[in-house]
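Enquirer:
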Amino acid sequence: MTSHRWAVTTLRFLLVLLFAILVFFQLYYFPKEFAHRTGLGLISPGLQWPATITTMFWVLCVQAVVVCIWKLLTLVARDRIFSEASMIWVNIIMGALAAGWITLLGVFLYIGFRATDPALPLILALFLAILTVVSLLMLVMRALLRQATTLRSDMEAVI
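First residue of the sequence shown? That's 852 in the working numbering, and the numbers climb one at a time after it.
#1: Short of 7 Å in beta carbon distance, which residues of its chain neighbour Val927, apart from the five on each side in sequence? Order them along the chain.
#2: Does the structure place the segment 985 to 995 close enough to the segment 954 to 967 that three or more beta carbon pairs sit under 8 Å?
#3: Closer than 8 Å is the cut-off here; do at least three beta carbon pairs connect the segment 945 to 959 with the segment 909 to 926?
#4: My output table needs one value for Ile981: the three-state DSSP class, helix, strand or coil.
#5: Report the start-end ranges of each alpha helix (DSSP H) in the segment 879 to 954 that is 4 residues or longer and not cut off at the edges.
#6: On a Cα-Cα basis, can you pick out the residue from Pro901, Ser937, Ala980 that is closest to Ala999?
#7: Cutting at 8 Å between CB atoms, please list the residues of its own chain near Val917, excluding the five before and the five after it.
#8: Assuming contact is defined by CB atoms lying nearer than 9 Å, are Thr1006 and Met945 in contact in what I supplied?
#9: Please look up how many angstroms separate the CB atoms of Phe875 and Thr903, rounded, as I've assumed it's under 8 Å.
#10: With Ala955 and Leu982 assumed to form a contact (beta carbons below 8 Å), what rounded beta-carbon distance in angstroms separates them?
#11: Whole angstroms is fine: what's the gap from Leu898's alpha carbon to Ile939's?
#12: Identify, in the order they occur along the chain, each residue of the same chain with its Cβ nearer than 6 Å to the Cβ of His855, setting aside the five sequence neighbours on each side.
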């Protein structure tokens, strides 16, 4: 049980650190970076704000996942992970992954049809594949959580 608490505490610390880094990137780095790239002529001026907003949206999706993981860790610490309350947070994770995937697909298609160099479309395709795998893995994990929750409630009803 001690390693369980240690893992939860360590993960919470890392989630806070990750969230703080994401806020920094979202509010400071990405707007400045896209403005800088626009100034260098690497991004057309008409795409500076759409690129900034899209990137900030992706960071927001990751932040939503971080908050949901925190809430799930709270349920783990209270030994309530196999309850209906956990399904809410898993469903929000699934929604954030789906929103990120849809916008990434849109960016991939937009850039893919306009690109003269295959590097960026290939990188976007890689990210799209990774996000697809993570989303499908979460779908399987959600199904396993649903089964475990049902089994636990059935066992509690018998006892």
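No residue lacks a Cβ here, since even glycine has one placed at the ideal position from N, Cα and C.
Expert: Here's the rundown:
#1: Val859
#2: No, the segment 954 to 967 is not in contact with the segment 985 to 995.
#3: yes
#4: helix
#5: 881 to 890, 899 to 928
#6: Ser937
#7: Leu866, Leu869, Phe870, Leu873
#8: In the sequence under discussion, the amino acid at residue 1006 is Met, which differs from the Thr named in the question. It is not a contact, given that the beta carbons lie outside the stated cut-off.
#9: The Cβ separation is near 15 Å, so there is no contact.
#10: Per the sequence shown, the amino acid found at residue 955 is Leu instead of Ala. Between Leu955 and Leu982 the beta-carbon gap is near 6 Å, inside 8 Å, which marks them as a contact.
#11: 36 Å
#12: none
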